[in-house]
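Take any residue in the sequence shown, count from 1 to its spot, add 479: that is its number in the numbering used here. One structure is given here, and the rest of the page talks about it.
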Amino acid sequence: MDQTYYYSIASGSQGNCSLLVGGNTRILIDMGVSVRRLTAALARVGLTPDLLDAVLLTHEHTDHIKGLATFAKRFDTPIYASFGTAAAVTDRIPALAALLRPFSGGDRFAVGRVLVRTFPTPHDAAESVGFAVEGDGLSFGFATDLGFMPDLVKDQLLGRRTVVLESNHDVQMLQTGPYPWPLKQRVAGPRGHLSNRDCAACAAELAAAGTQTLILAHLSEHNNTPLTAFRETQAALRAAGQDCALFVAPKAEMEHPLDLQPQNTPCLASV
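See the structure below:
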């Protein structure tokens, strides 16, 4: 039987990278880790980097692309990025141009046997995007690095069985934490990062619309904790009378991939 799973390799301000597998299609979302670390992580699930069908980039910030230059030297995997992101990364890494497959936010394209839908996200980057992936057993949405939750983004996530959603910071921890005031304003601003509070409110709507598995991602190291993020979303789900399998993506690799085979997902919880 073909495998269908999600495997977070890195999540947070120091690096972001994850693997989505649907049947015979293997997609990497962001490349914010070294090739050595990526290779070691893929080996744990029986893969090697040359078996990847595509790399999808959300945007050009360093924590999402810092391993990309070395990756592109060693592998000829197509790299999909919005036109804005493609221009920003080629300014820094000109050799990427031959591998880039640029698109406009809102476009859709096929990778292997799955369909990737893209949508713009509000972030202080050239042209950041999120993704929705369908086919080969996948019903998947991915949205991180967004300052707020626009209806356009929410509409792309509603009805997806599995959603990876940013839960970056606790509002109180950010306000009283070590960041300088301009950085606090940036993080909390409309082109910054999604708070636990806003993530939790969206999570309740997603669960009501059929999301069975929710992965909280891109947690701040200084303004959040996995337990804090988990509890706020869990409380919102309970208050709304909703339930789903709830996970928090760790800073390093997940202990094991999350099976995304279509099924009646049992009630699970993990931090």
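We treat Cβ as the ideally placed atom computed from N, Cα and C, and that holds for glycine.
- Tyr485 has Leu499 and Leu737 as its beta-bridge partners, per DSSP.
- Here the C-alpha atom of Ala715 lies approximately 18 Å from the C-alpha atom of Gly638.
- Within its own chain, the residues whose Cβ lies closer than 8 Å to the Cβ of Arg553, once the five positions on either side in sequence are excluded, are Val514 and Pro528, listed in chain order.
- Distance between Thr549 and Glu539, taken at the CA atoms: about 15 Å.
- Here the C-alpha atom of Ser492 lies approximately 10 Å from the C-alpha atom of Ala696.
- When C-alpha distances from Asp542 are compared across Ser487, Asn495, Phe588 and Ala522, the shortest belongs to Asn495.
- In this structure, the straight-line span from the alpha carbon of Pro736 to that of Lys730 is close to 15 Å.
- A straight-line Cα-Cα distance of about 24 Å links Val632 and Pro705.
- Residue burial is scored here from C-beta neighbours: Asn702 has at least 16 other C-beta atoms within 10 angstroms and is therefore classed as buried.
- Excluding five sequence positions before and after Thr564, the CB atoms of its chain that fall closer than 6 Å to its own CB belong to Leu536, His538, Glu539, Ala605 and Glu606, given in chain order.
- Excluding its 5 nearest sequence neighbours in each direction, Asp677 has C-beta neighbours in its own chain below 8 Å: Phe627 and Met628, listed in chain order.
- With a threshold of 16 other beta carbon atoms within 10 Å, Ser674 meets it and is buried.
- Note that the segment 640 to 652 touches the segment 679 to 696; at least 3 beta-carbon pairs, one per stretch, sit closer than 8 Å.
- For the pair Leu662 and Gln651, the Cα-to-Cα distance works out to about 15 Å.
- According to the DSSP secondary-structure assignment, Val568 is paired through a beta bridge with no residue.
- Counting the other Cβ atoms within 10 Å of the Cβ of Leu575 gives 16 or more, which makes it buried.
- In this chain, the beta strand (DSSP E) harbouring Val534 covers Ala533 to Leu535.
- Taking Leu636 as reference, the option from Thr504, His648 and Glu613 with the minimal CA-CA separation is Glu613.
- In summary, Gln740 is exposed, with fewer than 16 beta-carbon neighbours lying within 10 Å of its beta-carbon over all protein chains present.
- By the beta-carbon neighbour count (other beta carbons within 10 angstroms, threshold 16), Asp630 is exposed.
- In this structure, DSSP gives Gly620 an extended state, which the three-state scheme calls strand.
- Residue pairing of Pro659 in beta bridges, as defined by DSSP: absent, with no partner found.
- Distance between Ala566 and Arg717, taken at the CA atoms: about 44 Å.
- Here the alpha carbons of Asp722 and Asp570 stand approximately 45 Å from one another.
- Scanning its chain for C-beta atoms nearer than 8 Å, with the 5 sequence neighbours on each side dropped, one finds around Arg665 the residues Asp603 and Gly671, in chain order.
- DSSP places Val524 outside any beta strand (DSSP E), giving it a letter other than H or E.
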